[in-house]
Amino acid sequence: MSRVLVVEDDPALARALGITLRSQQHDVRTVTTGTEAVETAVAWSPELVVLDLGLPDMDGTDVLRALRAWSQVPVVVLSARQTSDDKVDALDAGADDYVTKPFGMDELLARLRAAVRRGSPGQDAPVVVTASFTVDLARRLVTDADGLPVSLTPTEYRVLELLARDVGRVVGRRELLQELRGPHLDRETHYLRVYLNQLRAKLEPEPSRPRHLITEAGVGYRLVP
1 MSRVLVVEDD PALARALGIT LRSQQHDVRT VTTGTEAVET AVAWSPELVV LDLGLPDMDG
61 TDVLRALRAW SQVPVVVLSA RQTSDDKVDA LDAGADDYVT KPFGMDELLA RLRAAVRRGS
121 PGQDAPVVVT ASFTVDLARR LVTDADGLPV SLTPTEYRVL ELLARDVGRV VGRRELLQEL
181 RGPHLDRETH YLRVYLNQLR AKLEPEPSRP RHLITEAGVG YRLVP
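According to UniProt numbering, the sequence shown holds residues 1 to 225 in order.
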């Protein structure tokens, strides 16, 4: 059983989500505003958040930013907004996935399960040590060569995490994009170049001559210790 916080101001949809998730043996709480969402998250410590963006008191991306100030709970956005910019904003604010309305309940449940798996690396999650930085996947912590924390955006961390989980192996561009942005945005490779450049600027001794975050031309990217 997982504790699931549903943040949705449409009563019918909130009720349907509650019924479906409880039928899957989840403990569910539903709220209708961003303020309630943050307060409930602090008091209840959910293991998963389903978040609408169009809330009556604040935008859902502001709720995301508030949560990410102190929590790494998996957050799946459920929204009628379908533009690429909206999805990018939500993912950069800290969303783990983005599902557009209308949606299939089976697909949503699969996305929720995947988000929970990604957010629960377990005690055996590796620590990847390079000559320039260290990635502790269990603690979701990146430190430099001196052991000082490196501040990454949620999306930057997610890219690094995906590479670190397959350290030494080439991770394809399409695979990375599907993990970051979903199956319908798997050709927007320019986003990956931006994120890799940002990571190199923060982690590589010489960003223009990367030693660890390597581009495999036409294929993808690889993390080299």
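We put the beta carbon where it would ideally sit given N, CA and C, even for glycine. Quick caveat: nothing in here was measured; it's all calculated off a predicted structure.
Determine the burial state of residue i: buried for a count of at least 16 other Cβ atoms within 10 Å of its Cβ, exposed for fewer.
i           : result
residue 201 : exposed
residue 126 : exposed
residue 101 : exposed
residue 212 : buried
residue 155 : buried
residue 97  : buried
residue 91  : buried
residue 61  : buried
residue 183 : Low per-residue confidence applies at residue 183: pLDDT is 47, beneath 50, and the placement is therefore not dependable, though the value from the model is reported in the following sentence. So residue 183 counts as exposed.
residue 109 : exposed
residue 41  : buried
residue 89  : buried
residue 103 : exposed
residue 217 : exposed
residue 123 : In this prediction, residue 123 has a pLDDT of 43, which is less than 50 and means its spatial position is unreliable; what the coordinates show is noted afterwards. By the neighbour-count rule (16 or more Cβ atoms within 10 Å), residue 123 is not buried but exposed.
residue 94  : buried
residue 5   : buried
residue 161 : buried
residue 111 : buried
residue 15  : exposed
residue 145 : exposed
What residue range is occupied by the uninterrupted alpha helix (DSSP H) comprising residue i?
i           : result
residue 200 : 190-203
residue 141 : From DSSP, residue 141 is part of no alpha helix (DSSP H) but of the beta strand (DSSP E) over 141-144.
What residue from the options has the CA that sits closest to residue i's CA?
i           : options            : result
residue 148 : 212, 135, 217      : 135
residue 48  : 145, 207, 33, 72   : 72
residue 150 : 23, 173, 142       : 142
residue 53  : 46, 25, 9          : 9
residue 79  : 99, 45, 161, 196   : 99
residue 209 : 197, 15, 67, 56    : 197
residue 77  : 180, 206, 11, 195  : 180
residue 176 : 110, 204, 222      : 222
residue 43  : 107, 29, 56        : 29
residue 55  : 19, 169, 46, 11    : 11
residue 105 : 199, 214, 20       : 20
residue 158 : 140, 145, 169, 167 : 140
residue 169 : 195, 190, 225, 204 : 225
residue 75  : 66, 50, 7, 194     : 50
residue 3   : 195, 57, 26        : 26
Just curious, the beta strand (DSSP E) that residue i is in, first and last residue?
i           : result
residue 34  : Not the beta strand (DSSP E): residue 34 falls in the alpha helix (DSSP H), residues 34-44.
residue 220 : 220-223
residue 134 : 133-136
residue 213 : 213-216
residue 159 : No beta strand (DSSP E) holds residue 159; the alpha helix (DSSP H) holding it covers 154-164.
residue 128 : 127-129
Looking at the ligand ZN, does it come within less than 7 Å of residue i, judged from the CB to the closest heavy atom?
i           : result
residue 134 : This structure lacks the ligand ZN, and indeed carries no ligand of any kind.
Where are the beta strand (DSSP E) runs, 3 residues long or more, that stay fully inside the UniProt domain "Response regulatory" (3-116), in chain order? 3-7, 27-31, 48-51, 75-79, 97-100
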